[in-house]
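Take a look at the structure set out below.
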Amino acid sequence: MFDPKIVAFFCKWCTSAGADLAGTSRMTYKPNIVGIRVMCSSRVDPEHILNAFKNGAEGVLIGGCHPGDCHYQSGNYKTLKRITLLKKMLNDLGIDKNRLRLEWISAAEGKRFTQVMDEFTDEIKKLGKLKINQL
Amino acid sequence: MTKKKAISSRKLTSEDADQLHDISGVNVYACYQCGNCSASCPAVEFMDIPPHLVIRLAQLGFIDELIEAETPWICAACITCTVKCPRGVDIAKVMEGLRQIVLRRDFEHINIREIDKKLREKLPQIALIGNFRKTIL
Amino acid sequence: MKRIGVFVCHCGINIAATVDIESVVKDLEDYPGVVLVQDYKYMCSDPGQNIIKEKIKSERLDGIVVAACSPTLHENTFRLTCKTVGMNPYSCEIANIREQCSWVHKNKDEATLKAKLIIRSIVEKALLDEELEPVQVPVIRKALVLGGGIAGIQAALSIANSGYEVILVEKQSSIGGRMAQLSETFPTLDCSQCILTPKMVDVAQHEKIRLMTYSELEDISGFVGNFKVKIRQKAKYVDWDKCTGCGLCIEKCPKKAPSEFDQGLEKRKAVFTPFPQAVPNKPVIDHENCTYFKTGKCQLCKIVCSFDAVDFDETETFVEEEVGAIVVATGYDVYPVLNMDEYGSGKLPDVIDGLTFERILSSSGPTGGEVRRPSDGTVPKEIVFIKCVGSRDPEHHFPYCSKICCMYTTKHAMLYKHRVHDGQPYIFYMDVRAGGKGYEEFYQRAQEEDNVIFLRGKVSKVYQDDDKVVVCGIDTIYGRNVEIRADMVVLAMAIRPSKGVEELTRLLKIAIDQNGFLTEAHPKLRPVESLSAGIYLAGCAQAPKDIPDTVAQASATASMVSNLFSQEYLLHDPLITGVNEDLCSGCGVCVSVCPYDARKLNKEEGIVEVNEVLCEGCGSCSAACPSGAAQQKNFTDTQLSNMVKAILSE
Amino acid sequence: MQVSYYPGCTLKTNAKNFETSALAVLDRLGVTAQELEDWYCCGVCFSQASDNLMQQIAPIRTLVKAKESGNPQLLTLCTMCYNTLKRSVEFIKADEEKLETIHKFMDREATRFYGDEVDVIDVLSLIKQIGLDKLKEAVVKKVKNLKIASYYGCMLLRPKEIAIDSPDDPSIMEDIILASGCENVYFPFRTECCGSYQIVNEPDIVKTRAKKIIGSALKNGADLMVILCPLCYYNLDEVQAEIRKEDPRFQTLPVLYITQLLALLLGLDLDIHDFSLHSVDPRPVLKRKGLL
Ligand SMILES: Cc1cc2nc3c(=O)[nH]c(=O)nc-3n(C[C@H](O)[C@H](O)[C@H](O)COP(=O)(O)OP(=O)(O)OC[C@H]3O[C@@H](n4cnc5c(N)ncnc54)[C@H](O)[C@@H]3O)c2cc1C
Ligand SMILES: Cc1cc2nc3c(=O)[nH]c(=O)nc-3n(C[C@H](O)[C@H](O)[C@H](O)COP(=O)(O)OP(=O)(O)OC[C@H]3O[C@@H](n4cnc5c(N)ncnc54)[C@H](O)[C@@H]3O)c2cc1C
Ligand code: SF4
Ligand code: SF4
Ligand code: SF4
Ligand code: SF4
Ligand code: SF4
Ligand code: SF4
Ligand code: SF4
Ligand code: SF4
């Protein structure tokens, strides 16, 4: 069975707190995704995402606060713009754009967090191993 | 006296309500029953159900009662209610929707041919053609 | 390379049951940079913390990773632990292997592997962590309050009573705001001026308050604790240092203009104080209406003034001040009746707004508190009150509820009935919002004791017919249209933010919502703060509210200000993004993404400059910077890239 | 200046005096209204049903003709036509998908119409566009104390998207009346519906409305009422005679198309009017005020 490695970036205020809530509520989800906690989803440079794919990630997930809820007012809007652009580029690089996902998950959405983790893991499993010649 | 039907959950979602929505394109649930439509309607005193209650009944799914009502045929399509509504409910379109439901089930409300010939000659065309709203064309 | 120690916590069985601690310890022992791995049952317990302290010393560690619960829980604990043995707190990092690992996975092998990856990535971060000190910011212990309504008055007095200096800036010539215009106030019906004027006098006499009326904020720079402000005092044409407020000039002035305070029901002079209890009680000359300024003739005021206080050559003046905190309490305006086409567009003399009715009811008002209608001064026998005018009407006006009009309309009907016993008040309403202590009871009294007729529905049209005002509406409960030939109509107009607030917020760099009211930092948990540190919000400027709520909010801002001022200096999180001047190309990309205006382009030098105090450390600029010059501290590109690699390593 | 002109059915039959007077007035103001070569009945009331595109086809065919005429503006005199055509323009602009479907029915039309190419304009807005000063200059008959009640009706003011002025408190007619040297009387029912097509089989509605509207104008001192719609005209003029038959105490008020009044004030050829068409004879007032 193919067991993909997936890198995630979670903003401190919402998604990471949502992940903690999933934990304190003892919900379970698939273990393939390992998260990095950043202050804001807008800290994520497209470079970091490409870097992840280059180093063997099969998928990359970004989690931020819902629109309007950003701790830094507008960080998530910037993220949205950047990710939308990057998705277009991914196709040119031969990477399925579905391997990159942006999700808004609030600190109260523990359940949703687990759903997203499982869903994304399944999707990546379906997409299979990522083959890239060079980046 | 006919008995008044109680509101039941079955009513709240009916196919008729969907049809009304499709024809009129109006979201009747925006209405908060301020009554401005009725307060401003020029024909309300001739109606059996005032416009705000038409919308209320539509919200509750009582389309069958609305289909039998006189109100849609009394409505002059003057659009006063629509411009008055604070919630953007296009009541005039709901009235048209109700007329359409009836006409599409093959019931004419008037027969233009039965109108007095003398009157027909005297009336401006726009009155007659306007009144085709009540006829299957 | 740094000497990192890793401390792995069992959390009883919370972690140990799902993560194979032994395997984790083994795995990390060989990891580059890790010189010590130690596990323990309860890391946060005293013995656990002592182990950390000892090992830091004995192993000469210069960075540690605690693999335990969520950083939200114990990051602070462990950072303090480090501090006690002289390690920089920012050299301590937490790897979350409980909430995000042991608790959410069942399979031990999988959880163990994931725990290893998490810890490795945090080790990579710790290896490159810089030692950081919180940024220290001095605080100027003086506050600026904008707006002298009840909100501003309460905030100013409260801050001043904590012992801090306050500058109160009011754009009118007197403080008092709208509350000064009110007659009696719900729900207790006490006289508004009786409870307000003592507070106004307190403001004037308070040694810590500098009162600047007829003034507005002109310019501002700086940041929390250190604002530089410039205040413009408009030309008053009366030297208030000389003026004693004797009022002779007012008496003699021949030129009249509609009184703003009396909502145009009365006239005032061209040299005037807005109302008799004004604070300060000194006049200004209204340039627009004064005969002298128009024709060059008159000067009567100057002639009669025995103190030579009138000065037609006076110009506006500017005052510069430094303050540490700002309270914005600029209040509200009433949406003009002019905008209500269906209710006569302001052309019908006996169709007035609620504030005008307050003046009619006020015993200090133009009719001495007798209810007389504006057109002919007769006593109206039937009055129709219409609620929600312009409010709750997203199609034509504003979507929000103005919150206070349900109560004041009920009050109006009651007070009218108390004054005109044989009069009949009608209230057209859509809902009655009486949520407040004693409010519902107040409303019930109006229904039961004062015979107010409540009609549930909207009014579609109001028009003049002979000397009556005809009101066409509906009672939706009965489903019948209603037509009332009234003597007078009072409209509960929507509450709007004060004129000019939008420009003010642009100066202050604080946000307003889609309706123009000031935006709070969080609708529930930070309701009195703006999103800019050091700027607080009070009163109707933030949202429509009544006097009790206004006073509560104003008092809360004062406590926020005192909070701020009680600190010796402000500590600012050092996880900010600076600039490497050698790399910066001056492209300015980062400037445009920063939500806090922390970055400024220095055009001459061709580089960006960062105000570390304003930076909140979101890292957005780091991601945007094309040259790598903007690196968020302890979240640098290299750190993040190494963390990613660690996660993907075998 | 030249505009295209869409007469619609009624202007060629019952409302001839509206057409002749309007065209003459515009001509005097320097505007040529060029009748479309081909036009179709607009269908009168705009179809309120959002799923029935058939009824949009007639108005859109006409708009295609207007586009082909090359004139950027299309004048309508009848307010029903204005409403129907203008709303069709809005309808088609807002919904590309429906536009596509409608185009499928246009096999004979060589031109495609997208909604922005033709500005449907009513005669009041056109006069305002020409300029009230120009109108003022063109007036040759100065009248004294001629009190005019301007009745708007529904179709120029509703719905909001196509309204030529505030639906609740418009002033465009009053502005024109003022510029023409007459006096305005304000009466509260000037924007209220006359009962419209209900005259056909619910005439009581119209009678009730007419009594209210005429009564209110008279009460406020009107000598004349001016209107813009052939149906309003029927409902407010012809119906007055019927009310009178039922109730001899009912006071009547002459009703004119606003363009008839302007034609008189501009001193245009009296042959364009056929005052015998009016059921409430306006000639006595007009004589009294020196307009005849
Ligand atoms: C008709 C009516 C009746 C009411 N009755 C009651 C009642 O019975 N009971 C009750 O509890 N509440 C009542 N209220 C509500 C009450 O008026 C408000 O809650 C209260 O006045 C809000 O005070 P404020 O200080 O926020 O605003 P305001 O009173 O509006 O004060 C704001 C002040 O800021 C000044 N200002 C504005 N912009 C600037 C600027 N840029 N620079 C400097 N200064 C500026 C203004 O001049 C003004 O003095 C009533 C309101 C109305 C309309
Ligand atoms: C069903 C429901 C839904 C709600 N939803 C919302 C919402 O969506 N949004 C919103 O803004 N608000 C909501 N609220 C309101 C919200 O719950 C309250 O505004 C808020 O909890 C009030 O906080 P409090 O601290 O005043 O009181 P509480 O939360 O009651 O706290 C009081 C504390 O004091 C303790 N205590 C009591 N007596 C003593 C004593 N003698 N000695 C020591 N301790 C004592 C109690 O144990 C308790 O912990 C909701 C309320 C309800 C009932
Ligand atoms: S459109 Fe119909 S319902 Fe609406 S106001 Fe006119 S007549 Fe009444
Ligand atoms: S005017 Fe609009 S909101 Fe009010 S009752 Fe009618 S439909 Fe409902
Ligand atoms: S540090 Fe956290 S994981 Fe360890 S014992 Fe304490 S609570 Fe549990
Ligand atoms: S300006 Fe002179 S006259 Fe006027 S109030 Fe002051 S002191 Fe009196
Ligand atoms: S100059 Fe004359 S008009 Fe002007 S304020 Fe003085 S007294 Fe009044
Ligand atoms: S407070 Fe009452 S009157 Fe005012 S807008 Fe809200 S519901 Fe309407
Ligand atoms: S980290 Fe965020 S707040 Fe700080 S300078 Fe960069 S964009 Fe501005
Ligand atoms: S984005 Fe980078 S290079 Fe451009 S101005 Fe900012 S710090 Fe300098």
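Chains as they are written, first to last, in our numbering: chain A, 78 to 212; chain W, 116 to 252; chain U, 899 to 1548; chain P, 2 to 293.
For every residue, glycine included, the Cβ atom is placed at its ideal position computed from N, Cα and C.
Here residue 109 of chain P carries a coil assignment [DSSP, helix/strand/coil]. Looking at the DSSP output, residue 143 of chain A shares a beta bridge with no other residue. For residue 261 of chain P, the closest of P/246, P/109, P/278, P/245 by C-alpha to C-alpha distance is P/278. Under the three-state reduction of DSSP, residue 910 of chain U is assigned to coil, being neither helix nor strand. By the Cβ test, the stretch 1275 to 1289 of chain U is in contact with the stretch 1388 to 1403 of chain U, since at least three Cβ pairs between them sit closer than 8 Å. Among the bridge pairs identified by DSSP, residue 1208 of chain U is matched with U/1136. In the structure shown, residue 177 of chain W adopts coil according to DSSP, grouped into three states. When secondary structure is reduced to three states using DSSP, residue 1163 of chain U falls in the coil class, being assigned neither helix nor strand.
Contact between residue 154 of chain P and residue 80 of chain P is confirmed by a C-beta separation of about 6 Å, below the 8 Å threshold. One alpha carbon belongs to residue 1257 of chain U, the other to residue 1267 of chain U, and they sit about 8 Å apart. Contact holds between the stretch 184 to 197 of chain W and the stretch 152 to 166 of chain W, because three or more Cβ pairs, one in each stretch, are under 8 Å apart. The distance from the Cβ of residue 1514 of chain U to that of residue 149 of chain A is about 6 Å, consistent with a contact at the 8 Å cut-off. Minimum Cα-Cα distance from residue 1158 of chain U among the listed residues U/1311, U/1149, U/1231, U/1046 corresponds to U/1231. One alpha carbon belongs to residue 1401 of chain U, the other to residue 55 of chain P, and they sit about 51 Å apart. Residue 996 of chain U counts as buried, since no fewer than 16 other beta carbons sit within 10 angstroms of its beta carbon.
Between the beta-carbon of residue 1030 of chain U and that of residue 1422 of chain U there is about 32 Å, and that puts the pair past the 8 Å contact cut. Think of a sphere of 7 Å around the beta carbon of residue 149 of chain W: no beta carbon from chain P falls inside it, the nearest being about 16 Å out. When 7 Å is used as the limit between beta carbons, residue 1539 of chain U is near these residues of chain A: 125, 128, in chain order. Scanning its chain for C-beta atoms nearer than 8 Å, with the 5 sequence neighbours on each side dropped, one finds around residue 1337 of chain U the residues 1084, 1085, 1305, in chain order. Only residues of its own chain outside the window of five on either side were considered, and among them 990, 992 have a CB closer than 8 Å to the CB of residue 973 of chain U, listed in chain order. Within the model, the alpha-carbon separation for residue 1528 of chain U versus residue 917 of chain U is close to 38 Å.
Interface flag for residue 18 of chain P against chain W is unset, since no Cβ pair is found closer than 7 Å.
In this structure, DSSP gives residue 172 of chain A a state outside helix and strand, which the three-state scheme calls coil. Taking one beta carbon from each stretch, the stretch 938 to 952 of chain U and the stretch 1041 to 1054 of chain U have fewer than 3 pairs nearer than 8 Å; the two do not touch. Pairing residue 112 of chain A with residue 1536 of chain U, the inter-Cα distance amounts to about 17 Å.
Around the beta-carbon of residue 15 of chain P, 16 or more other beta-carbon atoms lie within 10 Å, marking it buried. At a cut-off of 7 Å between beta-carbon atoms, residue 126 of chain P makes no contact with chain U. In this structure, U/961 is the residue among U/1059, U/999, U/961, U/1104 with its C-alpha nearest to the C-alpha of residue 981 of chain U. Taken through DSSP and simplified to helix, strand or coil, residue 1203 of chain U comes out as coil. Measuring C-alpha to C-alpha distances from residue 1274 of chain U to each of U/1288, U/1247, U/1260 identifies U/1247 as the nearest. Residues of chain U whose Cβ lies closer than 7 Å to the Cβ of residue 153 of chain W are, in chain order, 1372, 1379.
DSSP places residue 1280 of chain U in the uninterrupted beta strand (DSSP E) bounded by 1280 to 1287.
Note on residue 113 of chain P: under 16 other CB atoms within 10 angstroms of its CB, so exposed under the neighbour-count rule. Comparing alpha-carbon positions, the option among U/1398, U/1301, U/979 lying closest to residue 1446 of chain U turns out to be U/1301.
Close to residue 1291 of chain U, with beta-carbon spacing below 7 Å, are these residues of chain W in chain order: 201.
A residue is called buried once 16 or more other Cβ atoms fall within 10 Å of its Cβ, and residue 1110 of chain U is buried on that count.
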